[in-house]
Amino acid sequence: MQTLDLADIELREMNATLHAQAETTNQTAWEIVNPKGAHAIACGIDAPIEVTVKGSTGYYCAGMNKQATINIKGSAGPGVAENMMSGKVIIDGDASQYAGATGHGGLLVIKGNASSRCGISMKGIDIVVHGNIGHMSAFMAQSGNLVVCGDAGDALGDSLYEARLFVRGSVKSLGADCVEKEMRPEHLELLAELLEQAEADAKPEEFKRYGSARELYTFKIDNAY
Amino acid sequence: MTDTFNGAPHTAPIQSATFSNPVNAEIRRAAATGIYDIRGGGAKRKLPHFDDLLFLGASMSRYPLEGYREKCETSVSLGTRFAKNPIELDIPVTIAGMSFGALSGPAKEALGRGATLAGTSTTTGDGGMTNEERGHSKKLVYQYLPSRYGMNPDDLRRADAIEIVVGQGAKPGGGGMLLGQKISDRVAEMRNLPKGIDQRSACRHPDWTGPDDLEIKILELREITGWKVPIYIKVGGARPYFDTTLAVKAGADVVVLDGMQGGTAATQDVFIENVGQPILACIREAVRALQDLGMHREVQLVVSGGIRTGADVAKAMAMGADAVAIGTAALIALGDNDPKWEAEYNALGTTAGAYDDWHEGRDPAGITTQDPELMKRFDPIEGGRRLNNYLKVMTLEAQTIARACGKNHLHNLEPEDLCALTLEAAAMAKIPLAGTDWYPGKPGTSY
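Shown next as structure tokens:
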């Protein structure tokens with residue numbers, strides 16, 4: 017286990033060290049101590065390494081992650097795992113706004129709650145939230161899967177494209193063009209797989225699926241207001 | 004029309020200046036379709052512009068440089084504030100961001116070729132970076148947009164600079180729309196969306212909301228790219244003093260300021276013509292902001308929106324810009340709106356010079372299209388050559404003016420070299436009205 021202590025080194029040195037890890041590195045286990053809410057921790061990694069952050073993080077932790085598995089042993093600030101390409105990010109606590117925003121791939125697991133705009137503009141990422149999510153989540157979500165074991169706030173999936181949304185609890189309101197859809201066997205299978213990967217204690221049958229009504233896909237005046 | 008009708012005195016029919024024929028036609032079109040007009044390009048209305056300024060030239064009190072022989076430098080460094088590798092350009096005319104999707108792959112390639120030949124940079128757009136564009140652009144600026152279409156850390160790291168787009172002159176506060184006709188398989192794949200559907204580009208970023216957040220976003224982008232490349236912030240011409248101040252506060256290396264004449268691929272006509280300010284009104288306010296912060300020339304200012312000639316370049320720089328960007332003019336240099344396609348423009352219900360339905364993907368010149376047959380009409384090598392020629396002419400023109408003003412570098416041009424032809428231009432550009440030493444709002448005067 018390699019340790020990077022943010023009480024001793026600057027953010028730049030910490031990230032540069034992680035960025036220097038190549039595909040074939042044998043130093044695969046890293047821990048970051050004393051994060052103290054710093055921003056941009058462990059962003060831009062592109063290597064199959066495991067990074068454990070011992071504490072809570074500021075904005076954009078694990079941003080644009082590729083390949084790495086990043087465990088946050090605390091809560092995460094806004095934009096955690098934004099634009100993630102691949103790999104896995106697990107947050108033991110809660111996540112602030114924009115968790116997983118624009119993510120293209122990989123798996124984001126939030127064991128607590130996520131704030132507003134979770135999965136905004138997601139582009140292929142899978143997100144599993146053990147708790148609740150805030151308003152405007154999955155706004156303009158393009159593809160990927162958002163699984164919410166708790167409740168969802170207002171305007172879920174507003175202006176949604178092809179992302180699939182699964183919610184176990186209540187949905188305060190659906191956004192424009194977001195509708196409840198039939199849960200077919202392939203969705204149950206997918207959900208079971210995601211729940212298992214995220215170690216979430218829930219059954220696929222307990223969820224409802226939401227998706228795009230595809231009414232906004234072609235510009236027409238009836239949708240312009 | 005005579006002043007009699009059926010032999011009797013008669014008042015001649017008078018067309019309304021308010022309800023003119025074009026206005027009435029638009030009312031009828033709206034009534035018939037229920038849809039507002041979407042088009043490409045920038046503001047078409049007549050605006051106070053660089054044409055309303057003149058250079059004074061050297062005379063008894065100023066010493067000119069010999070027009071062809073004496074050195075007049077044109078180079079510029081962009082991104083000297085924080086980046087390890089600022090962009091070094093031979094000329095201060097850059098190519099503005101235009102997307103693959105709005106433009107064809109070969110058109111993007113031609114922009115890269117022309118810019119590289121001329122020693123300047125080109126810029127991606129909403130839709131990601133293509134290999135053609137990267138491969139043919141020695142200096143490529145990668146736009147970081149609200150949609151994040153195609154955004155990935157690999158392209159971020161192979162960019163020479165990053166331009167965070169907060170707004171653009173054609174539509175400050177507005178998003179974009181790429182209509183389904185232009186969503187080919189390749190465009191759809193790059194944007195992670197189904198083929199053929201209309202693609203909306205959000206008007207604001209998904210993971211930050213204000214300058215304090217943006218400062219942290221810039222930190223993240225710098226960390227991901229190892230603090231190597233400059234980070235620009237692009238804003239539309241809305242509140243240039245405050246926008247520039249906040250961009251500097253957020254940590255920009257370069258501020259890109261785009262006036263309402265700057266083009267877009269597709270937006271509502273009402274937005275293009277009624278929101279934002281002409282670039283003439285924006286430059287001095289942005290420069291004032293930089294000067295107030297002690298950052299003029301430290302943070303470079305790139306201005307765009309209606310730049311057409313070397314005279315426009317020189318005037319923008321005399322007002323304090325470090326460089327300019329061109330978009331519409333570059334497309335025209337490539338062959339957009341060329342009268343040789345007049346018959347086809349007519350068939351689309353328009354005429355050469357007025358064609359602006361770029362979003363429909365039926366561009367006869369094969370530039371703003373994804374139609375494989377139309378794209379064949381455009382040769383990227385020839386297009387690159389034409390763009391290079393045009394950029395060289397602009398540079399020579401700007402040098403000619405600078406030498407006449409006694410300047411051995413375009414950056415040495417200054418407001419004192421200019422006068423304004425109209426009160427409006429004098430007020431907006433804070434340049435004295437010709438024949439006077441005064442402009443409206445000049446400090447120390449009561450007007």
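In order, the protein sequences belong to chains F and H.
Residue numbering for the first sequence follows my numbering, starting at 17 and increasing by one per position.
Residue numbering for the second sequence follows my numbering, starting at 4 and increasing by one per position.
Where is the CB? At the ideal position from N, CA and C, for every residue including glycine.
Among the residues of chain H, those whose CB is under 7 angstroms from the CB of C59/F are E223, E226 and I227, following chain order. Closest by C-alpha distance to G108/H, out of D382/H, N9/H and A346/H, is D382/H.
Rounded to whole angstroms, M199/F and K224/F show a C-alpha spacing of 7 angstroms.
Within its own chain, the residues whose Cβ lies closer than 7 angstroms to the Cβ of E417/H, once the five positions on either side in sequence are excluded, are A321, listed in chain order. With a threshold of 7 angstroms between beta carbons, M193/H makes no contact with chain F. Membership of L413/H in any beta strand (DSSP E) is not indicated, and neither H nor E is assigned to it by DSSP. Beta-carbon to beta-carbon, W361/H and T371/H are separated by about 4 angstroms, close enough to satisfy the 8 angstroms threshold.
The shortest C-alpha to C-alpha distance from I41/H to any of L351/H, T267/H and I286/H is the one to T267/H.
R225/F is bridged by DSSP to F182/F and K197/F. Residues of chain H with a Cβ closer than 9 angstroms to the Cβ of G53/F do not exist, since the nearest Cβ in that chain sits about 11 angstroms away. Neighbourhood of L27/F in chain H, by CB distance below 9 angstroms: L222 and E226, in chain order.
Boundaries of the alpha helix (DSSP H) around D272/H: D272 to N277.
Secondary structure at D216/H: helix, using DSSP grouped into helix, strand and coil.
Residue-level contact by beta carbon holds for M80/F and chain H, with a gap shorter than 7 angstroms.
In this structure, the straight-line span from the alpha carbon of L120/H to that of R388/H is close to 8 angstroms. Residue-level contact by beta carbon fails for I98/H and chain F, as no gap is shorter than 7 angstroms. Using a CB distance below 8 angstroms, the part of the region 152–179 of chain F facing chain H consists of F155, M156, Q158, S159, S175, Y177 and E178, ordered along the chain.
Counting only Cβ-Cβ distances below 7 angstroms, G183/H has contacts in chain F at T234, in chain order. Residue-level contact check: T33/F does not touch chain H, since none of the beta carbons of chain H fall below 7 angstroms from its beta carbon.
Under the Cβ distance rule, L148/H does not count among the residues neighbouring chain F, no pair being separated by less than 7 angstroms. In the DSSP secondary-structure assignment, A130/F is bridged to A111/F and I149/F. The beta carbon of T19/F does not come within 7 angstroms of any beta carbon belonging to chain H, so the residue lies off that interface. If you draw a straight line from the Cα of G176/H to the Cα of V273/H, it is about 13 angstroms long. Scanning its chain for C-beta atoms nearer than 6 angstroms, with the 5 sequence neighbours on each side dropped, one finds around N87/F the residues T68 and I106, in chain order. Taking the Cα of A208/F as reference, the smallest distance to any Cα among K197/F, E202/F and P220/F is reached at P220/F.
Residues I370 and T371 of the same chain have their beta carbon placed closer than 7 angstroms to that of L106/H, with the five preceding and five following residues left out of the count. Contact between the region 282–301 of chain H and the region 16–30 of chain H is not established, with fewer than three Cβ pairs separated by less than 8 angstroms. The beta-carbon of R151/H is placed less than 7 angstroms from the nearest beta-carbon of chain F.
Shortest Cα-Cα distance from G95/F to any of L224/H, G153/H, Q294/H and L337/H involves L224/H. The beta carbon of S102/H sits closer than 6 angstroms to the beta carbons of G128, D129 and G130 from its chain, once the five residues preceding and following it are set aside; these are given in chain order. Nearest Cα to C75/H within the set I404/H, A430/H and M431/H: I404/H. Close to T118/F, with beta-carbon spacing below 8 angstroms, are these residues of chain H in chain order: R151, M154, P209 and D210. Looking at the DSSP output, Q18/F bridges to W46/F. Assignment of beta-bridge partners to A164/H by DSSP yields V144/H. Assignment of H13/H by DSSP, reduced to helix, strand and coil, places it in the coil class. Partner residues in a beta bridge of Y76/F, as assigned by DSSP, do not exist.
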